[in-house]
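Numbering (my numbering), first residue to last: 114 to 462. Glycine is no exception: its CB is placed at the ideal position from the N, C-alpha and C atoms.
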Amino acid sequence: MLDFMDYCLRRYYLATRWREDTQYSSLLVDSRRILDFSVPTGFSVTLGKSVSPELKSSYTLGIPNIRAAGFLFTSVPLVLPPNHIKAEDEMAAEQLKNVDIYPTGSTLKTNGDVESQGEKDQKQTPRGYLLYGRLYEDLHLEAMYIKSLTRNMHFLAYGVNSWERRSLTAFSSVSTRLLHASRSCTTEVSYTSEAQVFGLSSLYRFSGTNWAAGSELYYTAKERSGGLSIGARYKREGEVPGTPKTVLSFLANPMMGHVSASYTTTLRNNLNMSTRYRFNVYSYEADLAVGLEYSPKGKEQIVKTRLSLAEGLALKLEGQYRRAVISIGLMTHFTHNPRRSIGIELQIA
């Protein structure tokens, strides 16, 4: 299940008609959802509340040492449907309904005047902004700002700051991104202050096909070095939730020698599988991971499992009763002295 603040963020994207899956950074989102799910550690309780259509709040209390309070404000009123386990799938299906994303061209009016489809779409799409902040017990602060500049352009800034400068874990960083999307291409310019990294990425969607390809260029001013990554994705997905889908993705970083390939598919209704193979041509390090996600029909339950040669075994069970969702996770590694962890997480929204 999505965290309450993540759920509010996704709803904001839907309200402003922005699609995350068109970005180069989202090239592997389908496989990561099944293979890179988070496993609870310890015990934590999170309370999420919609104070008003514009203001949302979240409070977390956990063991060990997890105490945080977060707030999210949007200029666009968000009337949130109840958050539940399968909300992520439903929102993805809503995005798929907008087949002609970021339309261009013109439409003919009855009076003979021609109105640009882009101008018409600009009037229908609200321009807004989002402010988010979360403060932890150790005064560790994280914040985010998103601004919808136009229908096709978004600006995002994310920062992390620790007030305890003398602490060994003190850390501060600011990341900014400017994204521009068109019917066939999404371009992103980014900067991260931690290592002074400048990046430029683009993902091109081939019209009339299920293919998309892109690349990313980055330069690290601190180390005076650069890099390049290239990727491609084949994605066939029905507009109706539950229909079979197939996603094949490839990502490579020639300078670092990293190669990754993943395959995600629907084995049967409510059962998804993903496999991923990673390899480094310089160090010869490799990893093979297999994951399954099962959500019984008519039940608010999800079971996720992952088996990786490098990261070990992970299992996560989620169940919902009314507004409460409980998650139980287990993780262990395949080493001589394996690190094991088990956790329980309770979310009420």
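Report yes if the C-beta distance between residue i and residue j is below 8 Å; otherwise report no.
i, j, result
"residue 189", "residue 129", "yes"
"residue 358", "residue 150", "no"
"residue 457", "residue 156", "yes"
"residue 201", "residue 140", "no"
"residue 405", "residue 390", "no"
"residue 315", "residue 297", "no"
"residue 305", "residue 288", "yes"
"residue 301", "residue 290", "yes"
"residue 464", "residue 273", "Here the chain comprises residues numbered 114 to 462, so residue 464 is not present and cannot be evaluated."
"residue 292", "residue 204", "no"
"residue 377", "residue 387", "yes"
"residue 425", "residue 449", "no"
"residue 248", "residue 182", "yes"
"residue 385", "residue 410", "no"
"residue 153", "residue 440", "yes"
"residue 252", "residue 259", "no"
"residue 350", "residue 198", "no"
"residue 99", "residue 427", "Any question about residue 99 goes unanswered here, given that the chain covers just 114 to 462."
Closest to residue i by C-alpha separation, out of the options, would be which residue?
i, options, result
"residue 261", "273, 272, 294", "294"
"residue 144", "373, 382, 460", "373"
"residue 266", "135, 452, 245", "135"
"residue 137", "299, 148, 198", "299"
"residue 309", "324, 339, 419", "339"
"residue 161", "333, 147, 184, 148", "184"
"residue 403", "418, 324, 330, 394", "418"
"residue 464", "385, 360, 330", "Absent from the model: residue 464. The displayed extent of the chain is 114 to 462, so no value can be given."
"residue 433", "416, 394, 427", "416"
"residue 187", "159, 169, 422, 173", "169"
"residue 125", "159, 180, 194, 451", "194"
"residue 323", "365, 414, 346, 286", "346"
"residue 363", "369, 333, 325, 398", "325"
"residue 397", "142, 370, 420", "370"
"residue 133", "337, 207, 413", "207"
Hey, could you find the ends of the alpha helix (DSSP H) residue i is sitting in?
i, result
"residue 120", "117 to 128"
"residue 144", "142 to 148"
List the residues that DSSP assigns as beta-bridge partners of residue i.
i, result
"residue 431", "415, 440"
"residue 460", "159, 438"
"residue 172", "160, 182"
"residue 268", "260, 291"
"residue 204", "Partner(s): none; residue 204 has no beta bridge."
"residue 366", "371"
"residue 455", "443"
"residue 274", "254"
"residue 425", "421"
"residue 359", "349, 378"
For residue i, does the count of other Cβ atoms within 10 angstroms reach 16, so buried, or fall short, so exposed?
i, result
"residue 307", "exposed"
"residue 196", "buried"
"residue 498", "Nothing about residue 498 can be read from this structure; the chain reaches only from 114 to 462."
"residue 438", "buried"
"residue 131", "buried"
"residue 176", "exposed"
"residue 123", "buried"
"residue 221", "Any reading at residue 221 must be qualified, since the residue scores a pLDDT of 39, below 50, and its modelled position is unreliable; the value itself is stated next. Burial call: exposed."
"residue 173", "buried"
"residue 395", "exposed"
"residue 164", "exposed"
"residue 436", "exposed"
"residue 422", "exposed"
"residue 381", "exposed"
"residue 159", "buried"
"residue 228", "Note that residue 228 scores a pLDDT of 47, beneath 50, so its modelled location is shaky and nothing firm can be said."
"residue 218", "Residue placement at residue 218 is poorly supported in this model, since its pLDDT is 44, which falls under 50; the coordinates are not used for a value here."
"residue 264", "buried"
The beta strand (DSSP E) that contains residue i, what's its start and end?
i, result
"residue 324", "324 to 333"
"residue 349", "338 to 350"
"residue 154", "Premise fails: residue 154 is in no beta strand (DSSP E) and is neither H nor E."
"residue 372", "371 to 381"
"residue 187", "179 to 187"
"residue 294", "286 to 294"
"residue 384", "384 to 393"
"residue 305", "298 to 305"
"residue 318", "310 to 318"
"residue 109", "Residue 109 lies beyond the stretch modelled for the chain, which goes from 114 to 462, so this question has no answer here."
"residue 406", "399 to 407"
"residue 247", "242 to 249"
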